[in-house]
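In the working numbering, each residue carries its 1-based index in the sequence shown increased by 14. Virtual Cβ for every residue (Gly too), placed ideally from N, Cα, C.
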Amino acid sequence: MACAAPSMLSSSPSSAVCGKAGAAPAASLGVAASRTASCGLGALPKALHGLRRSLVLPLRSARPAAVCRSVRRSLSVNASSLPLVGNTAPDFEAEAVFDQEFIKVKLSDYIGKKYVILFFYPLDFTFVCPTEIIAFSDRYEEFEKLNTEVLGVSIDSVFSHLAWVQTDRKSGGLGDLKYPLVSDVTKSIAQSYGVLIPDQ
């Protein structure tokens with residue numbers, strides 16, 4: 015899981031939708047490569063044509079049909095079950111730390127009021143993640159001007175979040191943040207957004 019990588023940006027505060035408002039969710043997304051001998055760029059769905067060429071070239075081999083079947087099996091997913099562009103963002107309610115206090119955060123409370131940037135990070139007190147998390151806080155006024163709320167989520171407890179926020183930045187902490195850190199100790203939020211790496 016990448017540190018502080020934005021997972022969702024609702025483009026319409028009037029609906030909890032991942033990505034572009036009004037985009038219709040695909041019935042399914044997958045590499046349904048044709049059974050022809052060529053597994054080249056033309057055999058890929060248009061949604062995947064933007065992939066770097068290096069990601070497409072390995073599909074060509076001495077046995078392209080076998081590769082195509084293998085790719086079709088391993089990459090075929092039901093897009094309506096994932097939080098992709100055009101799908102409704104999974105709602106959640108959880109405890110969070112904000113302004114040195116424990117609060118409740120419910121994603122659907124922002125519908126019709128604000129855009130939301132929801133990002134996930136693995137754990138508190140890590141060495142790389144604080145720079146990204148602090149950067150969101152340092153630029154919070156810019157997000158406010160855009161009517162946007164920032165929410166950070168990890169699987170740590172609110173007590174761990176509070177300790178990290180109360181730790182000075184020079185000592186590896188976050189200091190005061192201008193947005194809530196959500197606790198996902200049950201891992202249900204991360205799982206519903208498809209960002210949970212099992213057994214890690």
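The DSSP-derived three-state label of lysine 184 is helix.
Just measuring C-alpha positions, the residue of Glu107, Asn101, Phe134 and Pro144 sitting nearest leucine 191 is Pro144. Note that the C-beta distance between glutamate 146 and phenylalanine 134 is not below 9 Å. For valine 164, the secondary structure class from DSSP, reduced to helix, strand or coil, is strand. The residue among Asp113, Phe112 and Val130 with its C-alpha nearest the C-alpha of aspartate 105 is Val130. Counting only the Cα atoms, lysine 201 lies some 11 Å from aspartate 213. Between threonine 181 and lysine 128 the beta-carbon gap is near 29 Å, outside 8 Å, which marks them as no contact.
The distance from the Cβ of phenylalanine 112 to that of valine 172 is about 10 Å, inconsistent with a contact at the 8 Å cut-off.
Take glutamine 205, set aside five residues on each side of it, and no residue of its chain has a beta-carbon closer than 7 Å to its own. Between proline 194 and alanine 103, the C-beta spacing is not below 9 Å. Nearest neighbour of valine 167 by Cα position, chosen from Ser197, Leu160 and Ser151, turns out to be Ser197.
Between the alpha carbons of glycine 126 and alanine 108 lies a gap of roughly 20 Å. Counting the other Cβ atoms within 10 Å of the Cβ of valine 142 gives fewer than 16, which makes it exposed.
Annotation note: the stretch 97 to 174 contains the following uninterrupted beta strand (DSSP E) runs of length 3 or greater, listed N- to C-terminal: 107 to 112, 115 to 120, 129 to 134 and 162 to 168. For isoleucine 203, the enclosing alpha helix (DSSP H) starts and ends at 202 to 206. Under the DSSP definition of a beta bridge, leucine 195 partners with Val111 and Gly166. Collapsing the DSSP output to three states places leucine 176 in a helix. Across the set Ser151, Leu121 and Val164, the C-alpha of Ser151 shows the shortest separation from the C-alpha of leucine 188.
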